[in-house]
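Reading through the structure tokens given below for one structure.
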Amino acid sequence: MIELVDTMIADHRHGWSIGVFGAVGEFTYDDGEDAVIRNRGSAREVITARGGIRIDVRIAARIVAYDTLSSDGDTWGQAIAFCFPSPNDMEHGRVRALGADYGALRPADRTSTLFDLGVGRGHVHFCVRTADPALDAALRAIEGRSLLEDAGRDAMAEMLRAQPHRVLLSPLARVEVFSAIPATGGDSPEGPHTHLLPKMLGAGRTHAANAPIPDGYQPVLMLHPGSPWRDALGRRMPFDSGLDEMFAALLDRFGSREDRDVVNAISAALNEGLAPETFAWPQTRRGRAKARITLRRIAQRTPGSAVEAWRRTYDRLPAGDAVEVAADV
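The C-terminal position of the sequence shown is numbered 895 in the numbering used here, with every residue numbered one higher than the one before it.
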């Protein structure tokens, strides 16, 4: 884990996040951006004017690398989840004052008060940090209650006015976001940002349904390796084979056996010249998704009529296999 974190955190092409389905904080930094990157004991930190991250590399986590289908019909997403066993008590649901944030990345922030908003689940806590008296009072007024109830409306309005730092906490890491909270309906800022989406929170999930997280585990930190297809703003770019090969190596180390079996079966069938109709297509949702991703990868790396025939047969979007899009979550 230490080698993986040290390599990826020092490369601006990769992003990080902590969150649950519907409440997430993301940290990225740009090439050339003024960033403090430091190793302090077991802590790995990056701090910019827009946000920061700290990861404790001495804490063991189950690492799961996976890719996901994109709805454009050609590309795929990729991620690495650092997972802990899910705790018995998954529900938070209540606003709590946590006191001064002595663990803040920057010394100047350590006297401000940290509030858990109660919208996380399990190991993940979504907090705000403030020294604003009006916001402090509004959050204390609803301590022990849900931010998402009617009683939380005043506090939500105060947060939009006061623009507190958002702090995402897990046993493995913290992400801090200093960037502004956009007005309702506004666009998220580039770089570090957060999402708080009540409708998605209502699903009560720790992660998106298309993420193959092992049963009984919860992601406590996500690594988002640089996409071979899209730049940091999500714009399509020429395929970057180097980034693809880098992630392929991580899949070999940290991917699931089921995924590897699917890749090997499809690769062997194509090498043997089998017709797609004779192939035993995977029966699980994850197996089908991985098979389609494999066909897209092969088509990109070694295009030809054989793989295109397979894609015409299988790389469509059948009912029940819809790609889940989670509004940047």
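Note that CB positions come from ideal geometry on N, CA and C, so glycine has one too.
Computed from a prediction, not measured in an experiment: that's the story for all the values here.
Please go through the same chain and pick out, in chain order, the residues whose beta-carbon is closer than 8 Å to the beta-carbon of residue i, but skip the five residues on each side of it.
{"i": "leucine 767", "result": "Val586, Phe587, Gly588, Ala589, Val685 and Leu714"}
{"i": "glutamate 843", "result": "Thr879"}
{"i": "isoleucine 859", "result": "Asp633, Thr634, Leu635 and Trp642"}
{"i": "isoleucine 575", "result": "Trp582, Ile603, Arg610, Val612, Ile619 and Ile621"}
{"i": "alanine 855", "result": "Thr634, Leu635, Asn776 and Asp887"}
{"i": "alanine 645", "result": "Ala631, Tyr632, Asp633, Thr634, Ala777, Met788, Leu789, His790 and Pro791"}
{"i": "phenylalanine 805", "result": "Pro794, Trp795 and Gln866"}
{"i": "alanine 728", "result": "Thr696, Asp698, Ala700 and Leu701"}
{"i": "threonine 679", "result": "Ala663, Leu664, Gly665, Ala666, Asp667, Arg695, Thr696, Ala697 and Asp702"}
{"i": "aspartate 797", "result": "Met803"}
Can you tell me where the alpha helix (DSSP H) holding residue i begins and where it ends?
{"i": "arginine 823", "result": "823 to 837"}
{"i": "serine 807", "result": "807 to 820"}
{"i": "tryptophan 582", "result": "Segment 581 to 586 is the beta strand (DSSP E) holding tryptophan 582; no alpha helix (DSSP H) there."}
{"i": "threonine 860", "result": "851 to 867"}
{"i": "leucine 767", "result": "764 to 767"}
{"i": "alanine 728", "result": "719 to 728"}
According to DSSP, residue i sits in a beta bridge with which residue or residues?
{"i": "threonine 696", "result": "Thr679"}
{"i": "tyrosine 632", "result": "Ala645"}
{"i": "asparagine 605", "result": "Arg610"}
{"i": "leucine 570", "result": "Looking at the DSSP assignment, leucine 570 forms no beta bridge with any residue, so it has no partner."}
{"i": "leucine 734", "result": "Phe692 and Val741"}
{"i": "glutamate 715", "result": "DSSP, once it has assigned bridges, lists no residue as partnering glutamate 715."}
Who are the near neighbours of residue i in its chain, counting only those whose CB is closer than 6 Å to its CB and skipping five residues on each side?
{"i": "serine 583", "result": "Val590, Glu592 and Met788"}
{"i": "alanine 893", "result": "The predicted model places alanine 893 with a pLDDT of 33, which falls under 50 and marks its position as unreliable; any figure quoted below should be read in that light. If we look at alanine 893 and ignore the five residues flanking it on each side, it has no Cβ neighbours."}
{"i": "valine 829", "result": "Thr860"}
{"i": "proline 758", "result": "Phe593, Arg616, Gly617, Val743 and Ser745"}
{"i": "arginine 863", "result": "none"}
{"i": "arginine 740", "result": "Arg620"}
{"i": "arginine 711", "result": "Ala717"}
{"i": "arginine 624", "result": "Ser608"}
For the beta strand (DSSP E) containing residue i, name the first residue and the last one.
{"i": "arginine 610", "result": "609 to 613"}
{"i": "methionine 788", "result": "783 to 790"}
{"i": "aspartate 622", "result": "617 to 622"}
{"i": "leucine 738", "result": "Careful: leucine 738 lies outside any beta strand (DSSP E) and carries neither H nor E."}
{"i": "threonine 879", "result": "Note, threonine 879: premise wrong, no beta strand (DSSP E); alpha helix (DSSP H) at 871 to 880."}
{"i": "alanine 666", "result": "662 to 666"}
{"i": "alanine 589", "result": "589 to 593"}
What's the call for residue i, buried or exposed, on a 16-neighbour Cβ count within 10 Å?
{"i": "aspartate 667", "result": "buried"}
{"i": "alanine 885", "result": "Reliability of the predicted coordinates at alanine 885 is poor, the pLDDT of 37 falling under 50, and the value obtained from them is presented with this limitation in mind. Alanine 885 should be labelled exposed."}
{"i": "glycine 581", "result": "buried"}
{"i": "serine 871", "result": "exposed"}
{"i": "leucine 799", "result": "exposed"}
{"i": "glycine 665", "result": "exposed"}
{"i": "serine 736", "result": "buried"}
{"i": "aspartate 577", "result": "exposed"}
{"i": "methionine 803", "result": "exposed"}
{"i": "aspartate 825", "result": "buried"}
{"i": "alanine 647", "result": "buried"}
{"i": "alanine 627", "result": "buried"}
{"i": "isoleucine 747", "result": "buried"}
{"i": "threonine 573", "result": "exposed"}
Note down, in chain order, each residue of its chain lying with its Cβ closer than 7 Å to the Cβ of residue i, except the 5 sequence neighbours on either side.
{"i": "aspartate 810", "result": "Pro794"}
{"i": "glycine 688", "result": "Ser652, Pro653, Met656, Thr772 and Gln784"}
{"i": "aspartate 720", "result": "Ala704"}
{"i": "arginine 672", "result": "Ile613"}
{"i": "glutamate 890", "result": "The pLDDT assigned to glutamate 890 is 38, lower than 50, so where the model puts this residue is not dependable; a value taken from the coordinates is nonetheless given after this. Correct list, in chain order: Ala774, Ala775 and Asn776."}
{"i": "arginine 852", "result": "Pro778 and Glu824"}
Does the distance from the C-beta atom of residue i to that of residue j stay below 9 Å?
{"i": "leucine 708", "j": "alanine 717", "result": "Note on residue identity: the sequence assigns isoleucine, not leucine, to residue 708. Yes, these two residues count as a Cβ contact at 9 Å."}
{"i": "valine 694", "j": "proline 730", "result": "yes"}
{"i": "glutamate 724", "j": "aspartate 698", "result": "yes"}
{"i": "tyrosine 783", "j": "phenylalanine 650", "result": "yes"}
{"i": "alanine 670", "j": "arginine 676", "result": "yes"}
{"i": "isoleucine 832", "j": "alanine 857", "result": "yes"}
{"i": "glycine 639", "j": "aspartate 881", "result": "yes"}
{"i": "threonine 760", "j": "leucine 734", "result": "yes"}
{"i": "leucine 726", "j": "threonine 696", "result": "no"}
{"i": "alanine 841", "j": "alanine 875", "result": "yes"}
Against chain C, with Cβ distances strictly below 9 Å, would residue i count as a contact?
{"i": "aspartate 781", "result": "This model lacks chain C altogether, as it is built from one protein chain only."}
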